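Asks:
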Amino acid sequence: MVTYEVIPVRSALNPVKGMAFRWSLNPYRGCRHACTYCYARPTHAYFQLNAGSDFSNIILIRREIVPTLRAEISRHRWKRELVAVGTATDPYQAAEGMWRLTRGFLATLAENGTPATIVTKGTIVVRDLDVLTDLQATAGVTVCLSIPTVNERIASQTEPGTPPPAQRLRALARLRGAGIHAGVLLEPLIQELTGDPGGIDDVVRAAADAGAALVQGIPLRLAPGVREYFLTRLADHRPALARAIGRDLGPNTTVRGSRERVRAALEAASIRYGVPTATALPEPTRPPSRQLALALV
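Numbering (my numbering) for the sequence shown: 486 to 782.
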């Protein structure tokens, strides 16, 4: 049974080092999508909760994130740098249907002319086509639907709370039909499960059919706290593969050579189906207006 708890918001924006973006923004902690491999699971320990069932059943709501963000980016020193949305939780999980925090802060970013990238498995993203259109026009936005596999059986085993891959592809097609810069993130790519060349090819082909503007892929990474949970859940369905991954990982967080194999397979599929692996944010087409309606209801 899911429990929602409101937590205080001391700061909306989180500074990030060593990435292509300087800031991240997360409206929730924990995630009902219950992806067994989610690298954010250990963050629940900050709240004296566990990385297993608590992460997917106790969802923490940052209810005051929109006014907090508005105060932070209205300061003169704010440089309108790229903000990554969905780095520690899915911004379009089920809670968003009730709380509408993602919608609220995307509208705030659009008001201010601050660009964003969004990663989600949630099909509710299409609800916000109007706000995304505003954000794309005033600052730039990229939406990546996270689809590591189009095999629904594998998806149900590794990401049991997510919409099926076919629904995510339909959401992508709607975003692209509305002119939103959107594509597919294949993450994580798991050896012999979702990371084989055939599986990658299937996803890129489906992404191309949905009109994807880009595709990107990232191999499986298992930090302490995630590794144990993921391998235990994988062993429920594929014990031999769980043992093989544990053996191949050794003391590392990624399997040696996996990044190169993923890059080669993704580039081959990208060329085959004509979908680039990287694109720039679209240039804004109009200046931001602080009079844009937030449209929170």
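Glycine is no exception: its CB is placed at the ideal position from the N, C-alpha and C atoms. Small disclaimer: the values here were computed from a predicted structure and weren't measured.
1) Buried or exposed, going by whether 16 or more other CB atoms sit within 10 Å of the CB of LEU781?
2) For ALA579, tell me which candidate among ASP686, GLY759, TYR489 has the shortest Cα-Cα distance.
3) What runs of the alpha helix (DSSP H), each 4 residues or longer, lie entirely inside the region 580-638?
4) Looking at the unbroken alpha helix (DSSP H) that takes in GLY683, where does it start and where does it end?
5) Would a C-beta distance cut-off of 8 angstroms place VAL669 and ILE632 closer than the cut-off?
6) Please report how far the alpha carbon of GLN533 lies from the alpha carbon of ASP539, in whole angstroms.
7) How long is the line joining the alpha carbons of ALA519 and ARG771, rounded to whole angstroms?
8) Do TYR758 and ALA667 have their C-beta atoms within less than 8 angstroms of each other?
9) Rounded to the nearest angstrom, what separates ILE544 and ALA656 at their Cα positions?
10) Within 10 Å of its beta-carbon, does ILE756 have 16 or more other beta-carbons around it, so buried, or fewer, so exposed?
11) Which residues bound the alpha helix (DSSP H) around GLU557?
12) Distance check for PRO773 and GLU596, CA to CA, integer angstroms please.
13) Buried or exposed for ASN737, going by 16 or more other Cβ atoms inside 10 Å?
14) Going residue by residue through the region 692-724, where are the continuous alpha helix (DSSP H) segments of at least 4 residues, counting only ones entirely within it?
15) Taking DSSP as the reference, what is the three-state secondary structure of THR488?
16) What is the DSSP secondary structure of ALA749, reduced to helix, strand or coil?
17) Would you check if there are 3 or more beta carbon pairs closer than 8 angstroms linking the region 679-686 to the region 737-750?
18) Is SER743 buried or exposed, if buried means 16 or more other CB atoms sit within 10 Å of its CB?
19) Pop quiz: VAL689 and ALA754 are said to be a contact at Cβ under 8 angstroms. What is the actual Cβ separation, rounded to whole angstroms?
20) Can you round the beta-carbon distance between ARG588 and ASP613 to whole angstroms, since I take them to be within the 8 angstroms contact cut?
21) Under 8 angstroms between the Cβ atoms of THR602 and ALA569?
22) Excluding the 5 residues flanking PRO527 on each side, which residues of the same chain have their C-beta closer than 8 angstroms to its C-beta?
23) Going by DSSP in three states, LEU779 sits in which element: helix, strand or coil?
24) Please classify TYR513: does DSSP put it in a helix, a strand, or coil?
25) Would you mind working out which of VAL700, GLY702, GLN701, GLY731 sits nearest PHE715, comparing C-alpha positions?
26) Expressed to the nearest angstrom, what Euclidean distance is found between the alpha-carbon atoms of THR461 and THR618?
27) Considering ALA844, what are the terminal residues of the beta strand (DSSP E) in which it resides?
28) If I measure Cβ to Cβ from ALA505 and keep anything under 7 angstroms in the same chain, skipping five residues before and after, which residues do I get?
29) Report back the beta-carbon spacing between LEU674 and LEU705 to the nearest angstrom; my notes put them in contact at under 8 angstroms.
30) Within 10 angstroms of its Cβ, does GLU644 collect 16 or more other Cβ (buried), or is it exposed?
31) If you draw a straight line from the C-alpha of GLY664 to the C-alpha of ALA640, how long is it?
Replies: From the atom records:
1) The residue labelled residue 781 in the question sits at position 296 within the sequence shown. Note that LEU781 scores a pLDDT of 39, beneath 50, so its modelled location is shaky and nothing firm can be said.
2) Taking the first residue of the sequence shown as 1, we reach residue 579 at position 94. Per the Cα distances, TYR489.
3) Given a length threshold of 4 residues, each whole run of the alpha helix (DSSP H) inside the region 580-638 is given here in chain order: 586-597, 614-623.
4) On the sequence shown, position 198 is the one that residue 683 refers to. Element bounds for GLY683: 682-694.
5) Position 184 of the sequence shown holds residue 669. Position 147 of the sequence shown holds residue 632. Contact flag set, yes.
6) Along the sequence shown, read from residue 1 onward, the residue named residue 533 stands at position 48. Along the sequence shown, read from residue 1 onward, the residue named residue 539 stands at position 54. Distance between the alpha carbons of GLN533 and ASP539 is about 10 angstroms.
7) Counted from its first residue, the sequence shown places residue 519 at position 34. Counted from its first residue, the sequence shown places residue 771 at position 286. Cα to Cα, ALA519 sits roughly 39 angstroms from ARG771.
8) Here residue 758 refers to the residue found at position 273 when the sequence shown is read from its first residue. Here residue 667 refers to the residue found at position 182 when the sequence shown is read from its first residue. No, Cβ-Cβ distance for TYR758 and ALA667 is not below 8 angstroms.
9) Your numbering for residue 544 matches position 59 in the sequence shown. Your numbering for residue 656 matches position 171 in the sequence shown. Roughly 24 angstroms separates the two Cα atoms.
10) Position 271 of the sequence shown holds residue 756. With fewer than 16 Cβ atoms within 10 Å of its Cβ, ILE756 is classed as exposed.
11) The sequence position of residue 557 within the sequence shown is 72, counting from 1. Where GLU557 is concerned, the enclosing alpha helix (DSSP H) stretches over 550-558.
12) Here residue 596 refers to the residue found at position 111 when the sequence shown is read from its first residue. Here residue 773 refers to the residue found at position 288 when the sequence shown is read from its first residue. Between GLU596 and PRO773, the C-alpha separation is close to 5 angstroms.
13) Locating residue 737 in the sequence shown gives position 252, where the first residue counts as 1. Exposed: under 16 other Cβ atoms inside 10 Å.
14) Within the region 692-724, the complete alpha helix (DSSP H) segments at least 4 residues long are 712-722, listed from N- to C-terminus.
15) Position 3 of the sequence shown, counted from the start, is the residue given in the question as residue 488. Here THR488 sits in strand by DSSP.
16) Looking up residue 749 in the sequence shown gives position 264. DSSP places ALA749 within a helical segment (H, G or I) once states are collapsed to three.
17) Yes: at least three Cβ pairs fall under 8 angstroms.
18) As a first step, residue 743 is located in the sequence shown; it is residue number 258 there, counting from the start. SER743 is buried by the Cβ-count criterion.
19) As a working mapping, residue 689 is identified with position 204 in the sequence shown. As a working mapping, residue 754 is identified with position 269 in the sequence shown. With 8 angstroms as the limit, VAL689 and ALA754 qualify as a contact, their Cβ atoms being about 4 angstroms apart.
20) Against the sequence shown, residue 588 aligns to sequence position 103. Against the sequence shown, residue 613 aligns to sequence position 128. Contact flag correct, Cβ pair sits at about 5 angstroms.
21) The residue given as residue 602 occupies position 117 in the sequence shown. The residue given as residue 569 occupies position 84 in the sequence shown. It is a contact, given that the beta carbons lie within the stated cut-off.
22) As a working mapping, residue 527 is identified with position 42 in the sequence shown. Only ALA536, ALA708, PRO709, GLY710, VAL711 meet the Cβ criterion.
23) As a first step, residue 779 must be located in the sequence shown, where it is residue number 294. With a pLDDT of 42 at LEU779, under the threshold of 50, the modelled position of this residue cannot be trusted; read the value that follows with caution. The three-state reading of DSSP puts LEU779 in coil, since its state is none of H, G, I, E or B.
24) Stepping through the sequence shown from its first residue, residue 513 is reached at position 28. Three-state result, TYR513: strand.
25) For the purposes of this step, residue 715 is identified with residue 230 of the sequence shown, where counting begins at 1. Of the candidates VAL700, GLY702, GLN701, GLY731, the one whose C-alpha sits nearest the C-alpha of PHE715 is GLY731.
26) This structure cannot speak to residue 461, because the chain is shown only from 486 to 782.
27) In the structure as shown, the chain begins at 486 and stops at 782. Residue 844 is therefore absent and cannot be evaluated.
28) As a working note, residue 505 is residue 20 in the sequence shown. No residues qualify anywhere along the chain.
29) Along the sequence shown, read from residue 1 onward, the residue named residue 674 stands at position 189. Along the sequence shown, read from residue 1 onward, the residue named residue 705 stands at position 220. Rounded, the Cβ-Cβ distance is 7 angstroms, consistent with contact.
30) Indexing the sequence shown from 1 puts residue 644 at position 159. Looking at its Cβ environment, which holds 16 or more other Cβ atoms inside 10 Å, GLU644 is buried.
31) Translated into positions along the sequence shown, residue 664 becomes position 179. Translated into positions along the sequence shown, residue 640 becomes position 155. GLY664 and ALA640: Cα-Cα distance of roughly 28 angstroms.
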